[in-house]
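One structure is given here, and the rest of the page talks about it.
Structural data, given as structure tokens:
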């Protein structure tokens, strides 16, 4: 025992409550251990206790008097004192071909959650949404539209009355409103063109331009049926909650979402939302023509509307960049739906 480490394990020692490092050796006997410095003087002696180890860090042994011994010969310490608490986690985290299966399993789990779990999360969120919140969303959005874009309708009173009569018939033929009641609002929205849109609480907005360009009651009925279908199927809330769920899912997996990942997530989520929105439009077209037919109007008028839109505003860019399918494609799809009904 004349030469350091004196038949023991070489490492560093730290005194009680001190950060001063000593070159030291740990000599392990049958049921005790002795910590000595480089001269052979005893620093501590007695029963040794291993602490949980952090991957990449040294093994730590605590001796009587709160002396701490550190070394990186983990195998020798395992053989002498047994493995440290938590070593199974270090072994699990170490590189091994099984990690390929773990990563593949994680990716499969993420895909399954995205493919099936998000719909369950969205359905649960919608079920837990109080009607007062949805009604507040309607009031806030309509107030914002009126403040920034819209003006009071300029349609003649008899035309307004006619449109409201059509709306009443469509609302009566539609599925029950999920929140409150269906409500029609007529607005002059310069620059928006012939348009209509629905808010999640049941408020439908129809523009003067649409009423003036399409005097046919069947067209108005088909458009209103389409918008009411958005409300009855809760498309706006589904879109909102699905976007939030995707963001939360990625944040849960990745932890803190940094600026680069946030940009990627924003753009990716936008593309997914566009596809989801186009699917909602197709569903609303299908339900809308059913509602219009039940109310006694010609559902084929929706084809007329889409063909006219295609002439009024040519499509800008490919369909995958749009929230709505192309008008020409929608006209063909509605025509196929109607042929299947006959």
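Numbering (our numbering), first residue to last: 81 to 422.
Backbone N, C-alpha and C fix where the C-beta goes; we use that ideal spot for every residue, glycine too.
Next item on the list: Go ahead and label residue 223 buried or exposed: buried means 16 or more other beta carbons lie within 10 angstroms of its beta carbon, across all protein chains shown.
Entry: Within the chain shown, residue 223 is the residue found at index 143, counting from 1. Burial call: exposed.
Item checked: Cβ neighbour criterion (16 or more within 10 Å) applied to residue 410 -> Counting from 1 along the chain shown, the entry for residue 410 is found at position 330. With 16 or more Cβ atoms within 10 Å of its Cβ, residue 410 is classed as buried.
Next item on the list: Please decide whether residue 322 counts as near chain B, where near means a Cβ-Cβ distance under 9 Å.
Entry: Considering every chain present, this structure includes no chain B. It has just one protein chain.
Next item on the list: Within the same chain, show all residues whose beta-carbon is closer than 6 Å to that of residue 141, passing over the 5 residues directly before and after it, in chain order.
Entry: The residue labelled residue 141 in the question sits at position 61 within the chain shown. Cβ neighbours of residue 141 beyond the five flanking positions: 128, 130, 149.
Checklist line | Beta-carbon separation (whole angstroms), residue 297 vs residue 246, contact threshold 8 Å | finding: Here residue 297 refers to the residue found at position 217 of the chain shown. Here residue 246 refers to the residue found at position 166 of the chain shown. That pair is a contact at about 6 Å.
Check: Name the DSSP beta bridge partners of residue 140, please?
Finding: In the chain shown, residue 140 corresponds to position 60, counting from 1. DSSP, once it has assigned bridges, lists 150 as partnering residue 140.
Checklist line | Presumed contact (8 Å Cβ cut-off) between residue 289 and residue 234, rounded CB distance | finding: Translated into positions along the chain shown, residue 289 becomes position 209. Translated into positions along the chain shown, residue 234 becomes position 154. Incorrect: roughly 10 Å between the Cβ atoms, too far for contact.
Checklist line | Secondary structure of residue 215, DSSP reduced to three states | finding: Locating residue 215 in the chain shown gives position 135, where the first residue counts as 1. Helix at residue 215.
Next item on the list: Can you give me the Cβ contacts of residue 206 inside the same chain, cut-off strictly under 8 Å, excluding the 5 residues immediately before and after it?
Entry: In the chain shown, residue 206 corresponds to position 126, counting from 1. For residue 206, where only same-chain residues beyond five positions count, the Cβ hits under 8 Å are 314, 317, 318, 321.
Next item on the list: Using beta-carbon positions only, say whether residue 359 and residue 312 come within less than 9 Å of one another.
Entry: Sequence index remark: in the chain shown, residue 359 carries index 279 (1-based). Sequence index remark: in the chain shown, residue 312 carries index 232 (1-based). Cβ atoms of residue 359 and residue 312: not closer than 9 Å.
Notebook entry, point to check: Among 198, 417, 385, 83, which has the Cα closest to the Cα of residue 324?
Noted result: Counting from 1 along the chain shown, the entry for residue 324 is found at position 244. The shortest Cα separation from residue 324 among 198, 417, 385, 83 belongs to 198.
Next item on the list: Please report the residue range of the beta strand (DSSP E) in which residue 287 lies.
Entry: What you label residue 287 is simply residue 207 of the chain shown in a count that begins at 1. Here the beta strand (DSSP E) through residue 287 covers 283-287.
Item checked: Beta-bridge partners of residue 265, as assigned by DSSP -> On the chain shown, position 185 is the one that residue 265 refers to. According to DSSP, residue 265 bridges with 285.
Next item on the list: Measure from the alpha carbon of residue 445 to the alpha carbon of each residue in 139, 143, 392, then state which is nearest.
Entry: The chain is shown from 81 up to 422; residue 445 falls before or after that span and cannot be answered.
Next item on the list: Could you spell out the range, first to last residue, of the beta strand (DSSP E) harbouring residue 117?
Entry: Sequence index remark: in the chain shown, residue 117 carries index 37 (1-based). First-last of the beta strand (DSSP E) with residue 117: 113-117.
Check: Does DSSP classify residue 256 as helix, strand or coil?
Finding: Indexing the chain shown from 1 puts residue 256 at position 176. Correct three-state label for residue 256: coil.
Check: Hey, residue 372 and residue 301 are a contact pair by Cβ (cut 8 Å); roughly how many whole angstroms apart?
Finding: For the purposes of this step, residue 372 is taken as residue 292 along the chain shown, with counting starting at 1. For the purposes of this step, residue 301 is taken as residue 221 along the chain shown, with counting starting at 1. The Cβ separation is near 5 Å, so the contact holds.
Note to self: Between which two residues does the alpha helix (DSSP H) holding residue 418 run?
What the structure shows: Here residue 418 refers to the residue found at position 338 when the chain shown is read from its first residue. Segment 407-421, the alpha helix (DSSP H) holding residue 418.
Next item on the list: For residue 306, count neighbouring Cβ atoms within 10 angstroms of its own Cβ and tell me buried if that reaches 16, exposed if not.
Entry: Walking along the chain shown from the start, residue 306 turns up at place 226. It counts as buried.
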